[in-house]
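Following the working numbering, the numbering of the sequence shown begins with 1 at its first residue and continues without gaps.
Before any comments, here is the structure.
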Amino acid sequence: MLIDQLSSLELNASQPIIYDRPIGVRLLYQDPVSLTANQQLMGPLSYCHFPAGTVMHHAPEGDRGCLFVIIFDGPYDVTPAVGP
Numbered sequence: 001m002l003i004d005q006l007s008s009l010e011l012n013a014s015q016p017i018i019y020d021r022p023i024g025v026r027l028l029y030q031d032p033v034s035l036t037a038n039q040q041l042m043g044p045l046s047y048c049h050f051p052a053g054t055v056m057h058h059a060p061e062g063d064r065g066c067l068f069v070i071i072f073d074g075p076y077d078v079t080p081a082v083g084p
């Protein structure tokens, strides 16, 4: 999907609990398939945050694939965890 003008998308009002006032949100894409993050099922429109240095595990739920976005705050420095 290529979107040249984000302002051409519908702007919806939203007030997530983390904000003290309403904000505008433009939905780029909604994936109907789920992700499991640290053994918790995260469905469509979910959000996960893991601070730097946090051990975490994420994978598609079951045998199906899923789409998710990862944003790093700094260099990409992932180290595989050892253990169960």
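Glycine included, every Cβ here is placed at the ideal spot set by N, Cα and C.
Item	Value
Output needed for P60: all residues of its chain with C-beta closer than 6 Å, excluding positions within five of it in sequence on either side, in chain order.	C66
Does DSSP put S88 in a helix, in a strand, or in coil?	Nothing can be reported for residue 88: it is not among the residues displayed for the chain, which extend from 1 to 84.
Assuming A81 contacts V55 (C-beta within less than 8 Å), just tell me the rounded distance between them.	5 Å
Mind checking L41: buried by the 16 CB within 10 Å criterion, or exposed?	exposed
Buried or exposed for L9, going by 16 or more other Cβ atoms inside 10 Å?	exposed
Buried or exposed: which applies to L35, given that a residue is buried once 16 or more other Cβ atoms fall within 10 Å of its Cβ?	buried
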